[in-house]
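Q: Residue numbers (the numbering used here): 8 to 302. Here it is, the structure in full.
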Ligand SMILES: C[S@@+](CC[C@H](N)C(=O)[O-])C[C@H]1O[C@@H](n2cnc3c(N)ncnc32)[C@H](O)[C@@H]1O
C-alpha cells in the first residue's frame, strides 16, 4: 500500500529542515503523480546546487530512488561529491592510491617527476618574471611533486585539480601564505582571474570536445596567458575518449591556434617521436573559437 497524497503529507515533505527519508520518497514516488513532480523539482534544485547537467541530474535521481537511508539532501550531497565525470575518470589513475610507495615517482604520472621536469623548472620562473606574473594558476597541478621545488617569483600560486582527495592532500602539505588550492573541473567550471595559467599534460588526455569546453571557459575567465603542452612537429591530431592519451599540435586542425609567442622546450628524451614536447605560450584573448568536429 502506498501512502495517499494529502496536503498534510505534502506539507511534511516540503517543510524546511525536514530530513526527507529516501525510502519514503520511494513509495510516494511510485504512488503519486504529484510526488514525481516534487522529486523533479528537487532534482532541478540539485542541478543548480551542484552545477550538473540535466542528464547527470536524471541519473542522480535514479540513484536516489534506489538508495536507502539518509536524508534526501545528504544523499544528493554525497552523490554530488563523487560524480564529476572527469574526477571518476582521472582519480583511479592520478589519485592518492596509484603508487605503492608515494615517495617513488609522482602520483601524476612518469612525466611529472623532478627528473623529467628539469628543463622547465629552470625556465618557468624566468618566464613568470618576464611577464610580470603576480597571480599564477597551475591547472591541473597534480601532486606537486616537481612544482614544490620551483622558486616562484609570484604573489599567489593557485593549484587546481579535478581530484578532490589530491587537492585536500596538497592543501595539507603545501598551502601557505602564497599557495592555495582549488577543487575544480576545468571543462565545467571557470577559473579565477590570473596572469598566467599553466596547463601541463592535460589536453593530451581530453577529447576535442572537452578541449573546446576548456578553452571556451578560459576565454571567459579574464586570465591573460595560457602556457600549455604542445607538440609542434605533430602533423595531425586524432580525437580520443577523455582519459586516453595522444600528443596534440595546437596550431593545426581542429584548434588552429596562432603561432605561440614563446616556447619552453621540455627537452624530452624518453621517446624520440615526441622530442618536440614543449610548453607553448598564448595570449588567451587571441585564441580562436574552434569547432571540435572540424578536422
Ligand atoms: C598527467 S597529470 C599532470 C599534472 C601536472 N600538470 C604535472 O605536470 O605534473 C594530469 C592531471 O590532470 C588532471 N585533470 C584531468 N582532467 C581534469 C579536469 N577536467 N579538471 C581539472 N583537472 C583535470 C588529473 O586529475 C591529473 O592530476
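Here a beta-carbon is modelled for each residue, glycine too, at the ideal position from N, C-alpha and C. Being a predicted model, the structure only gives us computed values, none of them experimental.
How long is the line joining the alpha carbons of residue 2 and residue 237, rounded to whole angstroms?
A: Residue coverage of the chain in this structure runs from 8 to 302, which leaves residue 2 outside it and unanswerable.
Q: Helix or strand or just coil, what does DSSP make of residue 101?
A: DSSP places residue 101 in helix when its eight states are reduced to three.
Q: Buried or exposed: residue 292, going by 16 or more other Cβ atoms within 10 Å of its Cβ?
A: Counting Cβ neighbours within 10 Å, residue 292 comes out exposed, since fewer than 16 surround it.
Q: Return the first residue and the last residue of the alpha helix (DSSP H) that residue 223 is part of.
A: Per DSSP, residue 223 belongs to the alpha helix (DSSP H) from 215-228.
Q: Could you name each continuous beta strand (DSSP E) segment of 3 residues or more that falls completely within the stretch 179-209, going from the start of the chain to the end?
A: Those beta strand (DSSP E) runs which fall completely within the stretch 179-209 and span 3+ residues are 186-190, 203-206.
Q: Does the Cβ of residue 202 lie closer than 7 Å to at least one heavy atom of ligand 1?
A: False, no ligand heavy atom lies under 7 Å from that Cβ.
Q: Taking the DSSP output, what are the residues bridged to residue 289?
A: Paired residue(s): 233.
Q: In angstroms, rounded to a whole number, what distance separates the CA positions of residue 147 and residue 279?
A: Between residue 147 and residue 279, the C-alpha separation is close to 26 Å.
Q: Looking only at DSSP bridge pairs, what is residue 249 linked to?
A: In DSSP, residue 249 forms a bridge with 251.
Q: Does the stretch 218-234 come into contact with the stretch 157-171, if we say contact requires no fewer than three beta-carbon pairs (one atom in each stretch) closer than 8 Å?
A: No, the stretch 218-234 does not touch the stretch 157-171.
Q: Could you give the residue range of the beta strand (DSSP E) that holds residue 271?
A: That run of the beta strand (DSSP E) goes 269-272.
Q: Residues with a Cβ closer than 5 Å to any heavy atom of ligand 1, in chain order?
A: Cβ atoms closer than 5 Å to ligand 1 belong to 93, 97, 101, 115, 116, 119, 147, 149, 168, 169, 170, 192, 193, 194, 207, 208, 209.
Q: Can you give me the C-alpha to C-alpha distance between residue 295 and residue 219, rounded to a whole angstrom?
A: If you take the alpha carbons of residue 295 and residue 219, they lie about 10 Å apart.
Q: What first and last residue would you give for the alpha helix (DSSP H) that runs through residue 144?
A: Element bounds for residue 144: not the alpha helix (DSSP H) but the beta strand (DSSP E), 142-145.
Q: Should residue 94 be labelled buried (16 or more other beta-carbon atoms within 10 Å of its own) or exposed?
A: Residue 94 comes out buried.
Q: Tell me the DSSP secondary structure of residue 297 in three-state form.
A: DSSP places residue 297 in coil when its eight states are reduced to three.
Q: Excluding the 5 residues preceding and the 5 following residue 136 in the sequence, name in chain order all residues of the same chain whose CB lies nearer than 6 Å to its CB.
A: Here the set comprises 160.
Q: How many Å lie between residue 248 and residue 214 at the Cα?
A: Straight-line Cα distance between these residues: approximately 5 Å.
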